[in-house]
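Worksheet: the structure to be examined is printed underneath.
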Amino acid sequence: MTTRALIVVAILAASGCAESPQVSGETEAAGQEVPEAAENADGATDFAPMPEEIHFANMQRLTHGGSNSEAYFSADATQVIFQATRTGESECDQIYTMNVDGTDVRQISSGGRTTCGYFYPAGDRILYSSTHHISATCPAPPDRSLGYVWSLEPYDVFTANPDG
Numbered sequence: 002m003t004t005r006a007l008i009v010v011a012i013l014a015a016s017g018c019a020e021s022p023q024v025s026g027e028t029e030a031a032g033q034e035v036p037e038a039a040e041n042a043d044g045a046t047d048f049a050p051m052p053e054e055i056h057f058a059n060m061q062r063l064t065h066g067g068s069n070s071e072a073y074f075s076a077d078a079t080q081v082i083f084q085a086t087r088t089g090e091s092e093c094d095q096i097y098t099m100n101v102d103g104t105d106v107r108q109i110s111s112g113g114r115t116t117c118g119y120f121y122p123a124g125d126r127i128l129y130s131s132t133h134h135i136s137a138t139c140p141a142p143p144d145r146s147l148g149y150v151w152s153l154e155p156y157d158v159f160t161a162n163p164d165g
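Residue 2 is where the sequence shown starts when you use our numbering, and the numbers rise one by one after that.
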């Protein structure tokens, strides 16, 4: 039993010493040409994938403007739920849904700061965290004078209809 354990540890240690594959961002330093970004007809920026890239061969930009993040597909892959801060619409992150082609964008949440939106498997409800139960306004931003900080807010978990 001890010999077997030593062999497993030796194999794991040796595999950690193998040369790691080149990652994106190292290509320019390695002397390879990095594809240029190009603006398409609707003003969005398209990025051509590296020729050897097999996972992101058909990337499409779905959001424009503001700060958009934490996007997740519905179980039937027809919609996306995401959080965004959009100029003129919200002062802090709100939950939105849209079709996978970027159409029919809807704000689902009702105020406060929100995060972590997900579709229920059946698609009949969504789940997200929000501070709107404390206040409909956005919490004050954290003091970043000492560097990056993550604010701790009194979030609670809510469900809603997917159409708002």
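Virtual Cβ for every residue (Gly too), placed ideally from N, Cα, C.
Since the structure is predicted, the reported quantities are computational estimates derived from the model, not experimental observations.
Asked                                                                                        : Found
Same chain, Cβ closer than 8 Å to Pro142, neighbours up to 5 away in sequence not counted    : Ser152
Residue closest to Arg159, alpha-carbon to alpha-carbon, out of Glu71, Asp77, Arg145, Ser110 : The question names Arg, but residue 159 in the sequence shown is Phe. It is Ser110.
Pairwise C-alpha distance: Ile55 and Arg114                                                  : 37 Å
Cys139 and Glu92 closer than 8 Å at C-beta                                                   : yes
Under 8 Å between C-beta atoms of Pro163 and Ile135                                          : no
Identity of the residues DSSP links to Thr167 by a beta bridge                               : Lying outside 2 to 165, the shown extent of the chain, residue 167 is not represented and no answer is given.
Three-way DSSP call (helix, strand, coil) for Asp144 in this model                           : coil
Closest by C-alpha distance to Gly67, when choosing among Met51, Gly118, Gln61, Tyr97        : Tyr97
Euclidean distance between Cα positions of Ala123 and Leu147                                 : 44 Å
Counterpart residues of Phe74 in DSSP-defined beta bridges                                   : Val81
Met51 to Ala85 span [Cα, whole Å]                                                            : 29 Å
Length of the line joining the Cα atoms of Glu53 and Tyr73                                   : 26 Å
Option nearest Gln61 by Cα separation, candidates Gly118, Ala137, Asp105, Val101             : Val101
Nearest-angstrom Cα separation, counted from Asp157 out to Ser75                             : 22 Å
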